[in-house]
Structures are given as structure tokens and as C-alpha cells.
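As you go down the protein sequences, you meet chains A and B in turn.
The first sequence begins at 1 in my numbering and counts up by one.
The second sequence begins at 1 in my numbering and counts up by one.
We treat Cβ as the ideally placed atom computed from N, Cα and C, and that holds for glycine.
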Amino acid sequence: MSTDSDIIRRSADDPAAFAELFERHARVVGAFASRRVGGEAAEDVLSETMLIAFRRRRDFDTTWDSARPWLLGIASRVIKKHRAEEARQWRSFEASASRGDHVDDGAMDAAGERADASAAVRAMAPRIAALPARDRDTLLLYAWGDLTYEEIAVALGVPVGTVRSRLNRVRRKLAPPGSHASARLTWMAKEETDGAYGTSA
Amino acid sequence: MELMERVREVGADAPPMSDTGIDAARVALLREIAREGRVDAAPRRRRTARWIGGSALAGGLAATALVVGLVVVPATAPTASAVVFEKAAAGAEEAGSPRLAAGQYLRLRTDFAWRVVWDADMPDGAHFNNFDPDDAEAVLEVVDTGTTYVPADAGGDWVRERIPYVVTAAHGARAAEAKAEWEAQSPVEGLAGVTRYPGGVAEAGGDGGTFEYYLDDRELYADLPSDVPGTIEWFSRRYEGEGDANGLAHYFAETISDVAVFNLAPAAARASMLRAFATLDHVEVVATSGDRTTLRYERVRQDGDAAPIEFTLDTSRGYVLGVTSWPYGTDADPGPDAWTSRTTAEIAVVDSAP
Numbered sequence: 001m002s003t004d005s006d007i008i009r010r011s012a013d014d015p016a017a018f019a020e021l022f023e024r025h026a027r028v029v030g031a032f033a034s035r036r037v038g039g040e041a042a043e044d045v046l047s048e049t050m051l052i053a054f055r056r057r058r059d060f061d062t063t064w065d066s067a068r069p070w071l072l073g074i075a076s077r078v079i080k081k082h083r084a085e086e087a088r089q090w091r092s093f094e095a096s097a098s099r100g101d102h103v104d105d106g107a108m109d110a111a112g113e114r115a116d117a118s119a120a121v122r123a124m125a126p127r128i129a130a131l132p133a134r135d136r137d138t139l140l141l142y143a144w145g146d147l148t149y150e151e152i153a154v155a156l157g158v159p160v161g162t163v164r165s166r167l168n169r170v171r172r173k174l175a176p177p178g179s180h181a182s183a184r185l186t187w188m189a190k191e192e193t194d195g196a197y198g199t200s201a
Numbered sequence: 001m002e003l004m005e006r007v008r009e010v011g012a013d014a015p016p017m018s019d020t021g022i023d024a025a026r027v028a029l030l031r032e033i034a035r036e037g038r039v040d041a042a043p044r045r046r047r048t049a050r051w052i053g054g055s056a057l058a059g060g061l062a063a064t065a066l067v068v069g070l071v072v073v074p075a076t077a078p079t080a081s082a083v084v085f086e087k088a089a090a091g092a093e094e095a096g097s098p099r100l101a102a103g104q105y106l107r108l109r110t111d112f113a114w115r116v117v118w119d120a121d122m123p124d125g126a127h128f129n130n131f132d133p134d135d136a137e138a139v140l141e142v143v144d145t146g147t148t149y150v151p152a153d154a155g156g157d158w159v160r161e162r163i164p165y166v167v168t169a170a171h172g173a174r175a176a177e178a179k180a181e182w183e184a185q186s187p188v189e190g191l192a193g194v195t196r197y198p199g200g201v202a203e204a205g206g207d208g209g210t211f212e213y214y215l216d217d218r219e220l221y222a223d224l225p226s227d228v229p230g231t232i233e234w235f236s237r238r239y240e241g242e243g244d245a246n247g248l249a250h251y252f253a254e255t256i257s258d259v260a261v262f263n264l265a266p267a268a269a270r271a272s273m274l275r276a277f278a279t280l281d282h283v284e285v286v287a288t289s290g291d292r293t294t295l296r297y298e299r300v301r302q303d304g305d306a307a308p309i310e311f312t313l314d315t316s317r318g319y320v321l322g323v324t325s326w327p328y329g330t331d332a333d334p335g336p337d338a339w340t341s342r343t344t345a346e347i348a349v350v351d352s353a354p
């Protein structure tokens, strides 16, 4: 089976070959976009992402076998043009958590645990929404896009150390204030930004 | 719950992108690919690699159509072949009807070749009535050539020249005998020659039931919709009662095989039909050379027998330049001599007609 890299190389002379890349990744990119900006805007994001990728396919770093990080990185940049839709999406996540969409029937204890979890998730949505865009992109490529640090670095065009420092900063910001995790993460972040990884953003 | 787990929970219930959304993006990409292909006029070397359209698609996607802008184009289609069909459809629209200077003609020549088997064991007068090549002592390749000249002034005389039933090759131990018998029996008289059709209007029928029609079938295409579902419905009405079980596959095989008729059709009609065919599954791209792409499709009967058909599209102008058919029951990779019919077409602007 051809790697994405093989396909992109082939598509330089044979543009139609690029269509296979679409079939491989459209649903993943579409799902990522749909979760971030909602279904309607996601269609535009997916379409524009694929068009940009096709037009810039010669820029793809063919040392990478998979094009998924590259495509999700393009999608993340395209998503920036849909701020209003993204804000609406975060509000809807908060609202759906409030309605208890994450809770179904069951024993009282279990229901209580789920309610706690739901509350935690509900609390998370506005805080993620309030993150700087670059931090939010990094976080969501990691948590929703299932990319590794190295892949996120490729996707966003930043050094891997920047990805580490961003994610630690995000962890610190999202951890409940005063929590042990918050303190520990603050310490870890300080260690990193003090030079353990040599770079920050 | 760990922090990252909570992040992953946020929006986890969000619905995935709909097929319609995926289709719309696919169509946009296919159009961009087709556009780049047209812009890239540099000749390409012939590629022999094959890939099957739609091989990477999730199975079972229905052929649908989507509205993109004001144009409905095929979607959820086998990708590689859909690209080729879309490119050809766009080529037909862009090229339109060739511009002809006064006195010039658009010449559409079609050479239809088929194989005739000759079996000495058959009764006299019926030596050619055996369709089994394995029993034959000779095989003849016969070509029927028809050329239509469309004048610059469509109201002028359209010209048709026919050179029927020429034996171009004879194979087998008794080839000479078979060829002589063919030439003795062949009813060439009355078919060969040049016919003029004022305004492109021909007459058909007989026994008091004659009717007139245009050589380019413009009346037929007058109600052909430009959208894919409409075009498929139009095909259904046109071929009412024929091959309903195969639907579009049947219409496709019938239409694409009739090269002379297809190429004479108005550009917009060819574009619509090509876009409908783009929704066909299991069309294989066999080879590409410049603006010519050869595709392959297998018609499958209910008994499972397949009949391959290969056709070559001129993607820059939306014409069919060649069709080769194999009989039902043909292996997946038939030999070069196993075909039963082969049609080639040439379309050119010329300064005169016979």
C-alpha cells in the first residue's frame, strides 16, 4: 500500500492521484473540523483544506509517511477564519453539558459520578474557548486530533519544544485553580520554560 | 478524570461530518484537479499503472449528486475515474462547438471494426453464423467507416460518407476462402457512397411512417437536464424497458459504445452525460497519455459473467475516441485478440467535404 508521501509525490505529475489522499483523510479532517466549528462551517473548512493541500502538495515534507498532521495543520489555520462559528460551538458544548447530555440513567452513585464528570467537562469548555488560538490549536490537535508532539510540530510548523511548552502551559491554565495538579504543572512548566527544552512560545 | 480525558470528552458527541459535506469537498477537489489537468498542457508520457476508481472509498456509498454553486456535478463517485469524466465534461463545455471558418467542416470519422468467424462445418450459406471462435477455421476483421461533415453554416448541407464492410484482416487456415465468401455475400451495394442532408435533416422510417430527424439528434437532447439525477432519469426514460436491472450501467454501455452518435451530440449534452457516468462505480483508469485517458468497465450479467469494455476519452474536448468490447464470459485480463468489436473516432476541422 502506498504511503501518503508516495501519493503526494506521484500527484506532482499526476494530479488525479491526489484524490486518493482525500479518500484516506477526508473523514478525519472533516470530523476534526466539525467538532471545532460545527457541521456547516466544517464543510467549508474541509473543502478549503483539501484545496490548499492540493495546491501546495509540492511543499509537503515527504520524509513523513502520513499526511494527516499536515492536513490537520492546514485545517487548524483555515478554522481561524471561522471564529464566530467556533465560538458558537464552544457555547453549545457548554450548554449541552449543562443539559446533562453526558448523563444517562443508572444507579444513583454512578449517576452522581457522571454528573461530576459532566460538570468537569462543562467547566472545561469555556476555559478551552478562552485559550489563545495557538494554544487551543496545539491542545486540540493533541486531544482531538490524536497527534504526537512531533506531529503537532509538523502540523503547526513550530519546533517540538514549542509544542511541549504550549501543552504544559495549557495544562496549567486548564487545571482547577489551587489544585495539586495546577501546582505541579506550574512547576513543570517553569522547569521547561527555564530551558529544559530550550524554546518557548 | 484526567485533564486530557476531560478535553477529549468535550464535544465527543458532536456528529461527524455528513456524507453530503464530504461529497461537496470531494467535488471541489475533483474540479480543481480537473482544472489543473487542463491547464497543464504539457504532454505526458504514457502511464501503464492501473488504479481502480474508488478503491479507497468506504464501501457502499451511494451515487448521489450535489449542488455546488449553480451546477450539479457527480459526487460520491469512484474518484480516479470521476476525475477523468469531470475533466472530459469540463473539456466539452469549454471547447464547445469548434469554430469553423466559412467553408470549413467539422469532420467526425468513425471506424467500427468487428470480428466475424467462419466455420466450415456450418451449412452452406451460414458459414458466418457461428459465434464461437473456437470452432472457426477463419476469423475476419471487418471495418465499417462512416464520416460526417458538419458545415460551418449548420443550415447548409451536412455530408455523410460511408465505406462499409471492408475486410481489413483475415486469420486462420481457411482465411482466403472465408474472405472470398464474405465479399461475395456482403451487401455493400446501396450502402457505400456520399449522401447530403440539407440543414442536417435526415429521413427515417418507411411504409408511410417516415419521420425527419437531425443528424446530431438535437431534438433528443433538447430535454436533457444538466444535473446528474435529471440526466440519469432522462436515460431511464430513453432506454425505458431496457436493462432496468443495470440502470446507469446499461445506459452507459449503450451510449458510450455508440461513438458516432455520442460525438455528434451537442457539447452541453455530452458534458451532462459524462457527469452522469462519473457516478458509475468500478470504472478503472487504464492509461493516460496527454489529453487521452483510457478507462475500463465491466458489464456484469445476473449469471455473473462479465463483459469488459474499454473506452478512450478526449478529456480536452469531451469526445469518445475509441471503444473496445469483449464478449460476456471474458477473463479479467483478456488477450489483445479476444475483442469482438472496436471503434475508433477522429474529430477534426477540415476545409472541404466530398
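Helix, strand or coil: how does DSSP classify residue i here?
| i | result |
| --- | --- |
| F60 of chain A | coil |
| L264 of chain B | helix |
| R301 of chain B | coil |
| Y319 of chain B | strand |
| D19 of chain B | helix |
| A222 of chain B | coil |
| P327 of chain B | coil |
| W234 of chain B | helix |
| V28 of chain A | helix |
| V10 of chain B | coil |
| A307 of chain B | strand |
| L191 of chain B | coil |
| L280 of chain B | coil |
| H171 of chain B | strand |
| E155 of chain B | The sequence as given places Gly at residue 155 of chain B; Glu does not occur at that position. Note: G155 of chain B maps to coil in three-state DSSP. |
| Y149 of chain A | helix |
| S76 of chain A | helix |
| Y239 of chain B | coil |
| D14 of chain A | coil |
| E94 of chain B | helix |
| L57 of chain B | With a pLDDT of 29 at L57 of chain B, under the threshold of 50, the modelled position of this residue cannot be trusted, and the question is left open. |
Under 8 Å by Cβ, that's how I've got residue i and residue j pegged, so tell me the actual separation to the nearest angstrom.
| i | j | result |
| --- | --- | --- |
| A89 of chain B | L274 of chain B | 4 Å |
| V194 of chain B | P354 of chain B | 5 Å |
| A375 of chain B | G318 of chain B | Because chain B is modelled from 1 through 354, residue 375 of chain B falls outside the range shown and cannot be assessed. |
| D351 of chain B | Y328 of chain B | In fact, because the Cβ distance is near 44 Å, the residues do not count as touching under 8 Å. |
| L220 of chain B | Y197 of chain B | Not confirmed; about 16 Å, so no contact. |
| A42 of chain A | G146 of chain B | Not a contact, Cβ separation roughly 53 Å. |
| V300 of chain B | I256 of chain B | Contact doesn't hold; Cβ gap of about 16 Å is too wide. |
| V170 of chain A | L141 of chain A | That belief does not hold up - the Cβ atoms of V170 of chain A and L141 of chain A are roughly 11 Å apart, past 8 Å. |
Given that a residue counts as buried once 16 or more other Cβ atoms are within 10 Å of its Cβ, and exposed if not, what is residue i?
| i | result |
| --- | --- |
| F211 of chain B | exposed |
| D124 of chain B | exposed |
| L106 of chain B | buried |
| D65 of chain A | exposed |
| D119 of chain B | buried |
| L71 of chain A | buried |
| E233 of chain B | exposed |
| T168 of chain B | exposed |
| K80 of chain A | exposed |
| A41 of chain B | Caution is warranted here: a pLDDT of 40 is assigned to A41 of chain B, below 50, making its placement in the model unreliable, and no coordinate value can be reported. |
| A265 of chain B | buried |
| G96 of chain B | exposed |
| L191 of chain B | exposed |
| V78 of chain A | buried |
| T148 of chain A | exposed |
| R26 of chain B | buried |
| A125 of chain A | buried |
| P15 of chain B | exposed |
Near-chain B residues of the segment 121 to 136 of chain A (beta-carbon distance less than 7 Å), N- to C-terminal order: So the list reads V121, M124, A125 and I128, given in the order they occur along the chain.
Contact between the segment 101 to 110 of chain B and the segment 281 to 291 of chain B (3+ Cβ pairs under 8 Å): The segment 101 to 110 of chain B makes no contact with the segment 281 to 291 of chain B, as fewer than three CB pairs between them are under 8 Å.
Any 3 or more C-beta pairs closer than 8 Å across the segment 117 to 132 of chain A and the segment 1 to 14 of chain A: At 8 Å Cβ cutoff, the stretches do not touch.
Cβ contact check for the segment 226 to 233 of chain B and the segment 287 to 299 of chain B: 3 or more pairs under 8 Å: Because the criterion of three Cβ pairs below 8 Å is not met, the segment 226 to 233 of chain B and the segment 287 to 299 of chain B do not touch.
Interface positions of the segment 12 to 36 of chain B facing chain A (Cβ-Cβ less than 7 Å), listed along the chain: Correct list: D13, A14, P15, P16, M17, S18, G21, I22, A24, A25, R26, A28, L29, L30, E32, I33 and E36.
The segment 80 to 88 of chain B / the segment 13 to 21 of chain A touching (three or more Cβ pairs under 8 Å): The segment 80 to 88 of chain B, when compared against the segment 13 to 21 of chain A, does touch it at the 8 Å Cβ threshold.
Interface residues of the segment 58 to 69 of chain A facing chain B [CB-CB below 9 Å]: Contact annotation: in the segment 58 to 69 of chain A, no residue has its CB less than 9 Å from a CB in chain B.
Members of the segment 159 to 174 of chain A that neighbour chain B once the beta carbon cut-off is set at 8 Å: Sequence-ordered contacts of the segment 159 to 174 of chain A with chain B read R171 and L174 [C-beta pairs closer than 8 Å].
Short-range partners of chain B found in the segment 46 to 57 of chain A, where Cβ spacing is below 7 Å: Residues of the segment 46 to 57 of chain A with a C-beta less than 7 Å from any C-beta of chain B: L46, S47, M50, L51 and F54, listed in chain order.
Contact the segment 23 to 35 of chain A vs the segment 68 to 85 of chain A: 3+ CB pairs below 8 Å: The answer is yes - the segment 68 to 85 of chain A touches the segment 23 to 35 of chain A, with three or more Cβ pairs under 8 Å.
Stretch-stretch touch, CB-based, cutoff 8 Å, three pairs: the segment 143 to 160 of chain B with the segment 175 to 182 of chain B: No, because fewer than three Cβ pairs between the segment 143 to 160 of chain B and the segment 175 to 182 of chain B fall closer than 8 Å, the two stretches do not touch.
Meets three-Cβ-pair contact criterion under 8 Å: the segment 124 to 138 of chain A and the segment 39 to 46 of chain A: The answer is no - the segment 39 to 46 of chain A does not touch the segment 124 to 138 of chain A, with fewer than three Cβ pairs under 8 Å.
Contacting positions in the segment 79 to 93 of chain B - beta carbon closer than 9 Å to chain A: So the close ones are T79, A80, A82, V83, V84 and K87.
Residues, ordered as in the chain, of the segment 254 to 277 of chain B that lie near chain A by beta-carbon distance below 8 Å: For the segment 254 to 277 of chain B, no residue has a beta-carbon sitting nearer than 8 Å to a beta-carbon of chain A.
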